[in-house]
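Notes to accompany the following structure.
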Amino acid sequence: MGACLGVCSLLSCASCLCGTAPCILCGCCPSTKNSTITRLTFSFFLLLGTLVACIMIIPGVANGLNKLPWFCSSSDTFAGTVNCNLLLGHQAVYRMCFAMAAFFFLFVIIMICVRSSRDPRAYIQNGFWFIKFLILVGITVGAFYIPNGVFTTVWYYFGMVGGFLFYLVQLILIIDLAHSWSQSWLLRAEDGNTKCWYAALLICTALLYAASIAAIVVLYIYYTKPDGCVHNKVFISLNLIFCVIVSIISILPKIQEVHPHSGLLQASVITLYTIFVTWSAMANVPEKYCNPTLLAIGYNATTSSTSSSTAAQWWDAPSIVGLVIFILCTLFISVRNSNNQQVNTLMQTEESSGEAAVHSTGDGVHKAYDNEEDGVCYSYSFFHFCLLLASLYIMMNLTNWYLPGSSDASFTSPWSAVWVKISSSWVGLFLYLWTLVAPLILPDREFN
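Numbering (mature numbering (1 follows the signal peptide of the UniProt record, and there is no 0)), first residue to last: -16 to -1, 1 to 432.
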């Protein structure tokens, strides 16, 4: 009898792993939407791959990759001087993130133009999780058989483009979060306890601006010199001016007429994120004189190019902060349900189209329901495209944007990485400005 129950339980688990999203709900989970469970599960795949990449770049683990003879031989070098043993973790991260990007690209192609959960492809999107996991594992194993050479150099430029675009995705999500935060607190202030909620808004805004000002002062002190570092001075000063401009625009009377919930809280959040991106760019400036926090990875590479015991250190403070922001934004992509029409247009999402048939998980309490029978509440392809960009971003972040095979044996990132980050901060500020002025520029279009 026990054996029969065990077989039945195994069959039930197998059918769940190959079934739809509602099966994933466990006893501790609340009832939720089918679409939310699906997005969270795909995000879990991404975060699992990120965790594996983080483990692989740890020096002790990275050195263990020497046991794979095809992965890095003693004769493999970068820039003709640096033995690839110094970059084992770097190469492992590139291959792990390549596998994740290929996995999500596959779903970008498969899910093009899915309009509702009645589409047969929606069953692939919302189910067959064990098979998807096996596909991801299979691609990962195959990626580690890719030989060194042009792969890492070419994939670096893919990562640079993907990292730039994901910076914009992060900023769009932060804009959405800032708008939702301000709107929620202002509505609560209108319902009661007005002084309390307005005081909270004022305190949070002041703290965010104070943090931004302190960060700018630190950047001027540590990343500029009286007799040089003109580029750093220009970058910091320009972003400071741009942040002041968008802060002033956010409280103009005309803007307040079309955005009654807009204010300095949103602008302070965007300002702090812009300063973070500026700091991250400064940390990649390949000049020790202007960048005291420069990660000089393998500075003695010319003298230890044949050593297999030397390990490269990739972590710095901007990378750690960027990793935390990446995790939060990835989770936010999975659960967000915005009322901001401009942001929804940019993120290819919309309000839930309905709550159709409710499916029980078996205990009669925790349920998942299909809310996409009349129409999807997010673009399946665009969601996977965002996760693809996230895979490329985390690859660049974990390897500190270092270009493998460059002629510089000091192992620093090139100027192109600095320009990618600075330009993404400018484009991000423009996108925030657009969410403010769009109703004024396009008065015939409704912006809720």
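Beta carbons: idealized from backbone N, C-alpha and C, even for Gly.
Of the candidates S318, L170 and V411, the residue whose Cα lies closest to the Cα of L248 is L170. DSSP places G143 in the uninterrupted alpha helix (DSSP H) bounded by V134 to D175. Burial check for L120: the Cβ neighbour count within 10 Å reaches 16 or more, so the residue is buried.
For Y364, the uninterrupted alpha helix (DSSP H) run begins and ends at Y364 to L382, by DSSP. By the neighbour-count criterion, in which 16 or more other beta carbons inside 10 Å mark a residue as buried, W263 falls on the buried side. As far as DSSP is concerned, K217 takes part in no beta bridge. Secondary structure note for K405: its alpha helix (DSSP H) is the uninterrupted segment W399 to I425. Of the candidates A190, V319 and Y193, the residue whose Cα lies closest to the Cα of R23 is V319. Take the alpha-carbon of Y206 and the one of P276: they are about 7 Å apart. Bounds of the alpha helix (DSSP H) holding L248 are L248 to M266. Look at K238 here: in three-state DSSP terms it is helix.
Secondary-structure assignment with DSSP links K209 through a beta bridge to G212.
Judged by their CB atoms, F260 and L161 are not nearer to each other than the 8 Å cut-off.
Under the three-state reduction of DSSP output, G33 falls in the helix class.
With contacts defined as CB atoms closer than 8 Å, I159 and I254 qualify as a contacting pair. The beta carbon of V404 is closer than 7 Å to those of M144, G147 and F148 in its chain, skipping five residues each way along the sequence. In this structure, S397 sits near P270, with a CB-CB distance shorter than 8 Å.
By the neighbour-count definition (other C-beta atoms within 10 Å, threshold 16), T124 is a buried residue.
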